[in-house]
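This report refers to the structure that appears directly beneath it.
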RNA sequence: GGAGAGGUGCUCGAGUGGUUGAAGAGGUACGCCUGGAAAGCGUAUAUACUCCUAAAGGGUAUCACGGGUUCGAAUCCCGUCCUCUCCGCCA
């Protein structure tokens, strides 16, 4: 969330920038300003009384030591009155802070100045494209038909075991997925990321810190017995490694990569978009996360985007990078680039990565800070991106590389799969 | 799952009701010393909020978390969470 301080000191700027996200913050912001003023006043009053009580308590202590019990008892009476008034103030203070917090989590991050105006996906800017869209014969098959033809993904059995959106990968497709995971992890390691294996289930505090709670509860699978959530992305556990930490400036940037299975309820998405591998309840993803100094975070963002583009390039997939417009960006992001690959039989672009700079928005909830060389403590900037999500990559690979002999594996992957053709 | 022990600062560790934000040690930083280093000596070393135009300097809170007792709680009581040990079970 945004810091109270920033809103209090820059409310005009906040309102102006929220408009780009098509978020009307007038009411919330003015409420924040009002409550903040009240909070300060209440705190000052309560603190003054507490100081008074502390002072008297010490006096009582020394009076007792001197044996002046009657004087001490008289002072006791005074603190009883003070305690009553402080209690009221404290209750008020707690309530103000709770309300303030409720409001703050409803205010999205401010978009970076380079975010294009716009409301819908059509308003996103195409930044770069690469690779070559293959020309497939007219009878080219979408990946769900190829999956059946070669018997490599069994959607029906997935339904039997669990339900829709939980496919069963078989044979060479299972191997291909394992190959992709290793390929992505190895590339990330070569780019300086440290691999971590996080838990796939997180507690409430973690889900809250990265912003899944309180609003997006219904997107996560929840284990009621244990009060734990299945992760929708490795971003959640990996970013939470740094929750509550004060890092030294020289430890930054922190670069982590993690493979994980991801679980998403995807409540409310149906239709042709969800056919085959396009949208699943469980999928595999390799995620890169960086914690960076504020002044360097945008350089880092561009570096991460280029890194992801490089992966698409190595997999010989046609790709394009979009700079998301204000209306299409996520709640918590300041600037997001989506990387899409072209799935030639479906003839559509599929999002395979979303790389974002959250600036200090996420770090503020995480309380992830760093101590600069001049001893000042500031919030870090956090960034993350998929590198990459598997199912749509698999879909594009299957469709784009189909030949009469079978499905061709891109050269860079062959050392990982151990085979050149799915047939 | 059963029984027990415990959670104190960057770390270790003292502290069972009254200047304890917290002894002591270690670590770290700076200074002195040195030709340079080590050792030694000295100094410093939490966070959040808040008061003050700012600095300087105050105030409040925080010894897992939440509540209670008390004029006063790291210290007593209750609840929650977590860790460890033993037993049982088990990949």
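In our numbering, the protein residues as written are 10 to 432. Each residue gets a CB set at the ideal place from its N, CA and C atoms; glycine is no exception. None of these values were measured; they are calculated from a predicted model.
Nearest-angstrom Cα separation, counted from residue j out to residue i
| i | j | result |
| --- | --- | --- |
| residue 351 | residue 140 | 10 angstroms |
| residue 424 | residue 306 | 34 angstroms |
| residue 338 | residue 130 | 9 angstroms |
| residue 224 | residue 216 | 10 angstroms |
| residue 248 | residue 377 | 9 angstroms |
| residue 25 | residue 322 | 38 angstroms |
| residue 405 | residue 151 | 9 angstroms |
| residue 329 | residue 228 | 28 angstroms |
| residue 335 | residue 293 | 28 angstroms |
| residue 368 | residue 343 | 7 angstroms |
| residue 49 | residue 67 | 27 angstroms |
| residue 426 | residue 187 | 8 angstroms |
| residue 53 | residue 116 | 27 angstroms |
| residue 122 | residue 409 | 37 angstroms |
| residue 157 | residue 164 | 9 angstroms |
| residue 356 | residue 142 | 10 angstroms |
| residue 214 | residue 270 | 20 angstroms |
| residue 125 | residue 200 | 30 angstroms |
| residue 390 | residue 110 | 21 angstroms |
| residue 379 | residue 388 | 6 angstroms |
| residue 250 | residue 55 | 36 angstroms |
Continuous alpha helix (DSSP H) stretch holding residue i: start and end
| i | result |
| --- | --- |
| residue 40 | 35-74 |
| residue 15 | 13-18 |
| residue 185 | 180-199 |
| residue 249 | 244-249 |
| residue 156 | 152-158 |
| residue 107 | 78-113 |
For residue i, the nearest candidate out of the options (CA to CA)
| i | options | result |
| --- | --- | --- |
| residue 210 | 199, 365, 325 and 232 | 232 |
| residue 398 | 333, 105, 64 and 359 | 359 |
| residue 175 | 58, 274, 138 and 71 | 274 |
| residue 11 | 51, 178 and 120 | 120 |
| residue 346 | 45, 31, 333 and 245 | 333 |
| residue 241 | 254, 250 and 222 | 222 |
| residue 220 | 244, 199 and 197 | 244 |
| residue 47 | 86, 58, 31 and 108 | 108 |
| residue 45 | 32, 113, 410 and 315 | 113 |
| residue 13 | 29, 33 and 39 | 39 |
| residue 340 | 392, 212, 30 and 349 | 30 |
| residue 400 | 259, 21, 366 and 295 | 295 |
| residue 136 | 416, 393, 348 and 407 | 348 |
| residue 167 | 415, 93, 290 and 36 | 290 |
Per DSSP, cross-strand counterpart(s) of residue i
| i | result |
| --- | --- |
| residue 430 | 417 |
| residue 294 | 269 and 398 |
| residue 139 | 328 |
| residue 239 | 210 |
| residue 301 | 390 |
| residue 163 | 177 |
| residue 411 | 416 |
| residue 134 | 332 |
| residue 32 | BP columns for residue 32 are empty, so no partner. |
| residue 232 | 237 |
| residue 313 | For residue 313, which the question treats as bridged, DSSP gives no partner whatsoever. |
| residue 4 | Summary: the structure shown does not reach residue 4, with the chain confined to residues 10 through 432, and so no result is reported for it. |
Boundaries (first-last residue) of the beta strand (DSSP E) holding residue i
| i | result |
| --- | --- |
| residue 272 | 263-272 |
| residue 255 | 255-257 |
Contact test: residue i Cβ vs the ligand ZN heavy atom, cutoff 7 angstroms
| i | result |
| --- | --- |
| residue 295 | For the structure depicted, the ligand ZN is absent and the ligand set is empty, with no information on it obtainable. |
Inset, instruction - Taking only runs that begin and end inside the region 317-400, name each unbroken alpha helix (DSSP H) of 4 or more residues, in chain order. - result: 370-375
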